[in-house]
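One structure below.
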């Protein structure tokens with residue numbers, strides 16, 4: 041699962057990769073084995089939710105967006121359609137930055 045931060049832009053959400061992000065792509069993780077923390081009831085519910093999310097994604101006419109869980113103030117979650125972008129910034133590796141800007145890695149390495 042990749043973490044993102046979400047930003048409202050015009051009439052849609054744009055999500056950018058961020059390790060401390062407040063937005064998460066779907067589906068939800070289903071543990072390999074049942075535990076006290078994720079028992080049979082939660083495993084069934086998670087699988088059902090993932091099936092619904094997969095169906096909604098397949099039926100979505102706008103392929104630029106995907107269903108994502110976003111965190112709101114107070115820690116509340118909301119399911120929203122979001123555009124997921126993977127732009128390159130200073131937080132990326134030197135190789136990714138060089139590739140995006142058409143530079144040699146040694147030109148930008150410290």
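Numbering (our numbering), first residue to last: 41 to 150.
Just so you know, even glycine gets a beta-carbon here, dropped at the ideal spot from N, CA and C.
Residue i and residue j closer than 8 Å at C-beta
| i | j | result |
| --- | --- | --- |
| residue 140 | residue 148 | no |
| residue 128 | residue 135 | no |
| residue 87 | residue 105 | no |
| residue 107 | residue 66 | yes |
Integer Cβ distance of residue i from residue j, believed to fall under 8 Å
| i | j | result |
| --- | --- | --- |
| residue 83 | residue 74 | 6 Å |
| residue 89 | residue 68 | 6 Å |
Separation of residue j from residue i, as counted between CA atoms
| i | j | result |
| --- | --- | --- |
| residue 123 | residue 130 | 21 Å |
| residue 120 | residue 109 | 6 Å |
| residue 143 | residue 96 | 41 Å |
| residue 78 | residue 57 | 28 Å |
| residue 111 | residue 118 | 7 Å |
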